[in-house]
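S.K.: As they're listed, the protein sequences go chains A and B. The UniProt record's numbering numbers the first residue of the first sequence as 1 and each following residue consecutively. The UniProt record's numbering numbers the first residue of the second sequence as 1 and each following residue consecutively. Every residue, glycine too, gets a C-beta built ideally from N, C-alpha and C.
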Amino acid sequence: MLKTTTTIVAFIILAFSVFLFFAGHNNPGGGFIGGLMTAAALLLLYVAFDVKTIKRVLPFNYTTMIAVGMLIAAGTGIASMLGGFPFLTQFDKYVTFPILGKVHLTTALPFDLGVYLVVVGVALLSILTIAEDDA
Amino acid sequence: MSVLHLVVLAPFILAVLVPFLYKYIRQVHTGWFVMILPLALFIYLIQFLPNISKGETFFYHQPWVPSLGINFDVYLDGLSLLFALLITGIGTLVVLYSIYYLYNKQKEALNNFYVYLLMFMGAMLGVVLSDNLMTIYVFWELTSLASSLLIAYWFHKERSRYGAQKSMLITVSGGFAMLAGFSLLYVMTNTFSIREIIAQADVIITNPLFIPAMLCVLAGAFTKSAQFPFHIWLPDAMEAPTPVSAYLHSATMVKAGIYLVARMTPVFGATPQWFWIVSGFGIFTLLWGSVSAIRQKDLKAILAFSTISQLGLIMALLGLGSAAFHYDVAVVGTLYYTATLAAVFHLINHATFKGSLFMIVGIVDHETGTRDIRKLGGLMSIMPITFTVALIGTLSMAGVPPFNGFLSKEMFFTAAVNATTLDIFNMQTLGLIFPIVAWIASIFTFAYCMLMFVRTFLGNFKPEKLQKEVHEAPIGLLIPPIILASLVVIFGFFPNLLAYSIIEPTMHSILPNVLADGERFYVNIYHWHGFNIELFMTIGVVIFGALIFLNLKKWAETAFFLKERDPLNYVYDNSLVWLVSGSLKVTNMQMTGLLRDYFVFMTVFMVGLMGYTLVKFDAFAIDLLNVAEIPPYIFIIIFVLLGSVVVLPFISHRVTAIAATGVIGFLVALLFVVFRAPDLALTQLLVETVMVVLFLLAFYHLPELRKEKFTPRFKLTNLLVSIGVGVVITLTALSAHAMSYANPIEGISQFFIDNAYELAAGKNIVNVILVDFRGLDTFLEILVLAIAALGIVVLTKLRFTGGEDV
Numbered sequence: 001m002l003k004t005t006t007t008i009v010a011f012i013i014l015a016f017s018v019f020l021f022f023a024g025h026n027n028p029g030g031g032f033i034g035g036l037m038t039a040a041a042l043l044l045l046y047v048a049f050d051v052k053t054i055k056r057v058l059p060f061n062y063t064t065m066i067a068v069g070m071l072i073a074a075g076t077g078i079a080s081m082l083g084g085f086p087f088l089t090q091f092d093k094y095v096t097f098p099i100l101g102k103v104h105l106t107t108a109l110p111f112d113l114g115v116y117l118v119v120v121g122v123a124l125l126s127i128l129t130i131a132e133d134d135a
Numbered sequence: 001m002s003v004l005h006l007v008v009l010a011p012f013i014l015a016v017l018v019p020f021l022y023k024y025i026r027q028v029h030t031g032w033f034v035m036i037l038p039l040a041l042f043i044y045l046i047q048f049l050p051n052i053s054k055g056e057t058f059f060y061h062q063p064w065v066p067s068l069g070i071n072f073d074v075y076l077d078g079l080s081l082l083f084a085l086l087i088t089g090i091g092t093l094v095v096l097y098s099i100y101y102l103y104n105k106q107k108e109a110l111n112n113f114y115v116y117l118l119m120f121m122g123a124m125l126g127v128v129l130s131d132n133l134m135t136i137y138v139f140w141e142l143t144s145l146a147s148s149l150l151i152a153y154w155f156h157k158e159r160s161r162y163g164a165q166k167s168m169l170i171t172v173s174g175g176f177a178m179l180a181g182f183s184l185l186y187v188m189t190n191t192f193s194i195r196e197i198i199a200q201a202d203v204i205i206t207n208p209l210f211i212p213a214m215l216c217v218l219a220g221a222f223t224k225s226a227q228f229p230f231h232i233w234l235p236d237a238m239e240a241p242t243p244v245s246a247y248l249h250s251a252t253m254v255k256a257g258i259y260l261v262a263r264m265t266p267v268f269g270a271t272p273q274w275f276w277i278v279s280g281f282g283i284f285t286l287l288w289g290s291v292s293a294i295r296q297k298d299l300k301a302i303l304a305f306s307t308i309s310q311l312g313l314i315m316a317l318l319g320l321g322s323a324a325f326h327y328d329v330a331v332v333g334t335l336y337y338t339a340t341l342a343a344v345f346h347l348i349n350h351a352t353f354k355g356s357l358f359m360i361v362g363i364v365d366h367e368t369g370t371r372d373i374r375k376l377g378g379l380m381s382i383m384p385i386t387f388t389v390a391l392i393g394t395l396s397m398a399g400v401p402p403f404n405g406f407l408s409k410e411m412f413f414t415a416a417v418n419a420t421t422l423d424i425f426n427m428q429t430l431g432l433i434f435p436i437v438a439w440i441a442s443i444f445t446f447a448y449c450m451l452m453f454v455r456t457f458l459g460n461f462k463p464e465k466l467q468k469e470v471h472e473a474p475i476g477l478l479i480p481p482i483i484l485a486s487l488v489v490i491f492g493f494f495p496n497l498l499a500y501s502i503i504e505p506t507m508h509s510i511l512p513n514v515l516a517d518g519e520r521f522y523v524n525i526y527h528w529h530g531f532n533i534e535l536f537m538t539i540g541v542v543i544f545g546a547l548i549f550l551n552l553k554k555w556a557e558t559a560f561f562l563k564e565r566d567p568l569n570y571v572y573d574n575s576l577v578w579l580v581s582g583s584l585k586v587t588n589m590q591m592t593g594l595l596r597d598y599f600v601f602m603t604v605f606m607v608g609l610m611g612y613t614l615v616k617f618d619a620f621a622i623d624l625l626n627v628a629e630i631p632p633y634i635f636i637i638i639f640v641l642l643g644s645v646v647v648l649p650f651i652s653h654r655v656t657a658i659a660a661t662g663v664i665g666f667l668v669a670l671l672f673v674v675f676r677a678p679d680l681a682l683t684q685l686l687v688e689t690v691m692v693v694l695f696l697l698a699f700y701h702l703p704e705l706r707k708e709k710f711t712p713r714f715k716l717t718n719l720l721v722s723i724g725v726g727v728v729i730t731l732t733a734l735s736a737h738a739m740s741y742a743n744p745i746e747g748i749s750q751f752f753i754d755n756a757y758e759l760a761a762g763k764n765i766v767n768v769i770l771v772d773f774r775g776l777d778t779f780l781e782i783l784v785l786a787i788a789a790l791g792i793v794v795l796t797k798l799r800f801t802g803g804e805d806v
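#1: If we require 3 or more residues per run, which beta strand (DSSP E) segments fall completely within the stretch 50-95 of chain B?
#2: Between residue 36(A) and chain B, is the shortest Cβ-Cβ distance under 7 Å, so that the two count as touching?
#3: Measure the alpha-carbon distance for residue 189(B) versus residue 507(B) and round it to whole angstroms.
#4: Judging by CA-CA distance, which residue of 5(A), 26(A), 3(A), 10(A) is the nearest neighbour of residue 678(B)?
#5: Tell me whether the beta-carbon of residue 225(B) lies closer than 7 Å to the beta-carbon of residue 277(B).
#6: Give a yes or no on contact between the stretch 28-40 of chain B and the stretch 50-58 of chain B, applying the rule of three or more CB pairs nearer than 8 Å.
#7: By the three-class DSSP mapping on this structure, what secondary structure does residue 120(A) have?
#8: Run through DSSP, which three-state label would residue 648(B) get?
#9: Given a cut-off of 7 Å on the beta-carbon distance, is the pair residue 389(B) and residue 356(B) in contact?
#10: Evaluate contact between the stretch 73-85 of chain B and the stretch 451-465 of chain B, counting only Cβ atoms and requiring at least three cross-stretch pairs below 8 Å.
#11: Taking the C-alpha atoms as reference points, what is the distance between residue 358(B) and residue 407(B)?
#12: Mind checking if residue 28(A) is an interface residue toward chain B, Cβ cutoff 7 Å exclusive?
#13: So which residues of chain A does residue 772(B) contact, with C-beta pairs closer than 7 Å?
#14: Can you pull the chain B residues whose beta carbon is under 7 Å from the beta carbon of residue 115(A), in chain order?
#15: According to DSSP, simplified to helix, strand and coil, what is residue 104(A)?
#16: Measuring CB atoms only, is the stretch 119-135 of chain A touching the stretch 37-51 of chain B, in the sense that at least three cross pairs come out at less than 8 Å?
#17: Of all the CB atoms in chain B, is at least one closer than 7 Å to the CB of residue 122(A)?
#18: Run the CB neighbour count on residue 295(B), radius 10 Å, all protein chains shown included, and call it buried at 16 or more, exposed below.
#19: Is residue 187(B) closer than 7 Å to residue 144(B) when the C-beta atoms are compared?
#20: Could you check how far apart the C-beta atoms of residue 669(B) and residue 684(B) are, in whole angstroms? I think they sit under 8 Å.
#21: Check distances from the C-beta atoms of the stretch 4-21 of chain A to those of chain B and list, in chain order, the residues that come in under 9 Å.
#22: Check this for me: beta carbons of residue 308(B) and residue 218(B), under 7 Å apart or not?
#23: Measure the C-alpha to C-alpha separation of residue 260(B) and residue 777(B) and round it to an integer number of angstroms.
#24: Go ahead and pull the three-state DSSP assignment for residue 27(A).
#25: Hey, could you find the ends of the alpha helix (DSSP H) residue 413(B) is sitting in?
#26: Helix, strand or coil for residue 340(B)? Go by DSSP, reduced to three states.
#27: Verify whether the separation of the beta carbon atoms of residue 153(B) and residue 212(B) is less than 7 Å.
#28: Rounded to a whole number of angstroms, what is the C-alpha to C-alpha distance between residue 156(B) and residue 112(B)?
#29: Examine chain B for any beta-carbon lying closer than 7 Å to the beta-carbon of residue 83(A), and answer yes or no.
#30: Of all the options 76(A), 42(A), 112(A), which has the alpha carbon lying nearest to the alpha carbon of residue 54(A)?
#31: Determine the chain A residues that contact residue 796(B) at a beta-carbon separation under 7 Å, and present them in chain order.
#32: Contact defined as beta carbons within less than 8 Å: I believe residue 245(B) pairs with residue 300(B). What is the distance between those atoms, to the nearest angstrom?
#33: For the alpha helix (DSSP H) containing residue 32(B), list its first residue and its last residue.
#34: Could you tell me whether the Cβ of residue 761(B) comes closer than 7 Å to any Cβ of chain A?
#35: So residue 151(B) contacts chain A; which residues on that side make the cut at Cβ distance below 9 Å?
#36: Quick check on the burial criterion: 16 or more other C-beta atoms within 10 angstroms. Buried or exposed for residue 1(B)?
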């Protein structure tokens, strides 16, 4: 029962977290909240199933995830420096794609993605480390 | 860079080479290489005598830190030449003496000894030749350092270390005071150059900083020159090897303070404060030192107190000599500068006879194995040369004709008697102190000179008390004291050799502007003054001094004579103990090792500071005009929130406590919702959830909530402190609110509202601020999170039991 519910609910939460993440620029949400929401969904999976199963299904290395998140966040800042702008200058542009139509692209999004990855990594890394600690 | 600069630097350069000479040329005693340098410097410096005696001075400029006005300027006039000659001349003799004194090349750490000695010599030359106050200070501290190193040369002896520490503490404290005084002089005159400061002497005297500056400078001079009550380090410094005692603690370093006082006389001298402090401390030190010397049983201790007393004498004369600034010397004649003349002359005499006496004591110690006058006696026939030299030195120190000590003592009496005729600073009434104290002190001086001499060389020889077979010292040990003693005799018979070559130019340096240009002080030192009061004083000194010495046996058993140590040592020792125990007490009181105590200290300080600021700046204000209306549901939220907060400290079950904190967190999220902060509310909700999960995880590992029995007093303190924090923070917040309306500042939020979409193309202003306007904050915050997570991993995964090589 729990496992069944979890499989459904977890994906709804995940979807909502992705929504929160993308909605961030114009609506409540953003990388931090999205990341926490994702972490909550994953936590739910860990609670419903055992740690080994989830590790097999989702073979994330959360330490790497934190590093990648930091790199992306720093990278957007450094990229603007390469263009001769101050660190972390953000740009945005409306681009028309063949299928998606007119899309608003902004460099704040990759920065937020970095935040997102770090938050997910931090939350899960700390909780799993403490949970797995049997000493 | 001139040659004079090199004179100062040469000892330091040679000091660098000494260890190499010691290591690679083992068959030659290192001292021979060292001796060449002071001898060369002495010969070089003596060439300046003709020019200096004509009244010329030499000045060479070398920038060091020119932006701060600190330069390595050397200045050579009569005063600095006199000291430089003493330093290099006696330095040569002391090095020669030390070659034979520390004859064992294998056992003695000669490389250390000569490095320290050269360092000291260079520093001392630096002190006397520098024109810049900061340079003087640097060299001054170097002499303190080198002196401590030399005192603790036999560092395995506990008494040596004690003496070194004591001299270090006292002289460096004085040095710091002196630095403060120099800084004040700079504040007043805007220059560190002594000559420029002297030129502004009249400006300084009227300045309110004058007295503090003078006291600070004098503190430096008095500690260095062992004036009462700072003299206590000198007897303990006698643990040093005897060449060191002879060099540092009789002829050179202890005269650094004398030099400073002489140098500063043109700056401060024309004031009653200077006159009274310098001559008062000097005359008292003279008495104290000579009375204390008579109680000593150790030859070197007698000499140490004797040095203290003689330094007091010179100091007193310098003080009395400053009276010359108040008179027109050309009109009233020589009387008013006799004191300065006597000071300079006695300075030279003291260096000669005290240096030779120290060397004699070293020889006695070396040949008999003891310096205790109770064990010595009858050495006259066994050590005839030592005896002769000692006789000359002692008679000179006691002030007996025909030696040079007699001449300077006569002049000292003249100056002291003159002091009664001065009509300044209440001297008509108080002036009588000077001749009386001088006379009594001289009686004691005569007595301890006799004691020292008679007990060592006359009487019965007591071989059973001595460990060595006694015989005359080797010639190398005898040459330096013989040279000094012949100087005593030469200066005694032909004092006018010195008169215009060095004494008169020195007086010019101490008392500039007293004479008109081109005039010279009249210096004529002679033995026979006729039947005047000084002669009768000297006769009295001899008679009473002999009486004291002859009756010494009667007094020897009294408590006064049995106690050798200066009573001021108890003050020093106890204050040192008190300082340590007091600091320990304060530290123990404050550093309890209990986190909750530190927390109480911090919060009490914070509350106190904020409360004080509120009261002091009258910052307390409540303004209800601009307060928003509170909807009823907020009351409900606040009520529940307050309820959870109040209940929290009383919960004794951990899960309940976690739940209660959870309630608080969710209520805060609710408040965010009410106050229209959706992002915050979402974040707060999620963070609270994650926190509760973490708490529960950690809870699994924790023991039962411990019931501690707290004393009511502890509880009361905590209650008061927490109430204080709450009240002060609340008041501050209320006042800040009221004040912000009273003094409105335009907020920056309007900019974000206006430009969030324009500039950053986002409608969620919070998020735009987070990732765009203030993206750096966010970047660093996720870094904080990452570090925290890695910290958790390290703390849980890496379990060192100790001893691992990380």
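M.R.: By the coordinates alone:
#1: 58-60, 63-65, 74-76
#2: Indexing the first sequence from 1 puts residue 36(A) at position 36. Chain B, which has a Cβ nearer than 7 Å to the Cβ of residue 36(A), makes this yes.
#3: Here residue 189(B) corresponds to residue number 189 of the second sequence, with the count starting at 1. Here residue 507(B) corresponds to residue number 507 of the second sequence, with the count starting at 1. The straight-line gap from Cα to Cα measures roughly 25 Å.
#4: Along the second sequence, read from residue 1 onward, the residue named residue 678(B) stands at position 678. If we check each option's Cα against that of residue 678(B), 26(A) comes out closest.
#5: Taking the first residue of the second sequence as 1, we reach residue 225(B) at position 225. Taking the first residue of the second sequence as 1, we reach residue 277(B) at position 277. Their beta carbons are not under 7 Å apart, which means residue 225(B) does not touch residue 277(B) by this criterion.
#6: no
#7: Residue numbering aside, residue 120(A) sits at position 120 when the first sequence is read from its first letter. Note: residue 120(A) maps to helix in three-state DSSP.
#8: For the purposes of this step, residue 648(B) is identified with residue 648 of the second sequence, where counting begins at 1. Helix at residue 648(B).
#9: Numbered from 1 along the second sequence, position 389 holds the residue referred to as residue 389(B). Numbered from 1 along the second sequence, position 356 holds the residue referred to as residue 356(B). Taking 7 Å as the Cβ cut-off, residue 389(B) and residue 356(B) qualify as a contacting pair.
#10: no
#11: What you label residue 358(B) is simply residue 358 of the second sequence in a count that begins at 1. What you label residue 407(B) is simply residue 407 of the second sequence in a count that begins at 1. Roughly 21 Å between the two C-alpha positions.
#12: Your numbering for residue 28(A) matches position 28 in the first sequence. So, interface residue.
#13: If you number the second sequence from 1, residue 772(B) lands on position 772. Simply 90, 108.
#14: One-based indexing of the first sequence puts residue 115(A) at position 115. Here the neighbours are 778, 782.
#15: Along the first sequence, read from residue 1 onward, the residue named residue 104(A) stands at position 104. Strand at residue 104(A).
#16: no
#17: Position 122 of the first sequence, counted from the first residue, corresponds to residue 122(A). Taking Cβ atoms only, chain B reaches closer than 7 Å to residue 122(A), which makes this a yes.
#18: Start at 1 with the first residue of the second sequence, and residue 295(B) comes out as number 295. Buried.
#19: Here residue 144(B) refers to the residue found at position 144 when the second sequence is read from its first residue. Here residue 187(B) refers to the residue found at position 187 when the second sequence is read from its first residue. In this structure, residue 187(B) does not lie closer than 7 Å to residue 144(B) by Cβ.
#20: Position 669 of the second sequence holds residue 669(B). Position 684 of the second sequence holds residue 684(B). About 4 Å separates the two Cβ atoms, so the contact holds.
#21: 20
#22: The residue given as residue 308(B) occupies position 308 in the second sequence. The residue given as residue 218(B) occupies position 218 in the second sequence. Going by C-beta atoms, residue 308(B) is not nearer than 7 Å to residue 218(B).
#23: As a working note, residue 260(B) is residue 260 in the second sequence. As a working note, residue 777(B) is residue 777 in the second sequence. Rounded to whole angstroms, residue 260(B) to residue 777(B) spans 59 Å at the Cα level.
#24: Here residue 27(A) refers to the residue found at position 27 when the first sequence is read from its first residue. Residue 27(A): coil per DSSP, three-state reduction.
#25: Counting from 1 along the second sequence, the entry for residue 413(B) is found at position 413. Counting along the chain, the alpha helix (DSSP H) containing residue 413(B) begins and ends at 404-419.
#26: Along the second sequence, read from residue 1 onward, the residue named residue 340(B) stands at position 340. It is helical.
#27: Position 153 of the second sequence holds residue 153(B). Position 212 of the second sequence holds residue 212(B). Taking 7 Å as the Cβ cut-off, residue 153(B) and residue 212(B) do not qualify as a contacting pair.
#28: Position 156 of the second sequence holds residue 156(B). Position 112 of the second sequence holds residue 112(B). When rounded, the distance between both Cα atoms is 14 Å.
#29: By one-based count along the first sequence, residue 83(A) stands at place 83. Chain B contact via Cβ: absent.
#30: Within the first sequence, the letter at position 54 stands for residue 54(A). Checked all of 76(A), 42(A), 112(A); the closest Cα to residue 54(A) is 42(A).
#31: Position 796 of the second sequence, counted from the first residue, corresponds to residue 796(B). 129, 130, 133, listed in chain order.
#32: Residue 245(B) sits at position 245 when you count from the first residue of the second sequence. Residue 300(B) sits at position 300 when you count from the first residue of the second sequence. Yes, residue 245(B) and residue 300(B) are in contact; Cβ-Cβ is about 6 Å, under 8 Å.
#33: Counted from its first residue, the second sequence places residue 32(B) at position 32. 30-46 is the extent of the alpha helix (DSSP H) around residue 32(B).
#34: Mapped onto the second sequence, residue 761(B) falls at position 761. So, interface residue.
#35: Along the second sequence, read from residue 1 onward, the residue named residue 151(B) stands at position 151. Going along chain A, no residue has its Cβ under 9 Å from residue 151(B), so there is no contact; the nearest lies around 58 Å.
#36: For the purposes of this step, residue 1(B) is taken as residue 1 along the second sequence, with counting starting at 1. With fewer than 16 Cβ atoms within 10 Å of its Cβ, residue 1(B) is classed as exposed.
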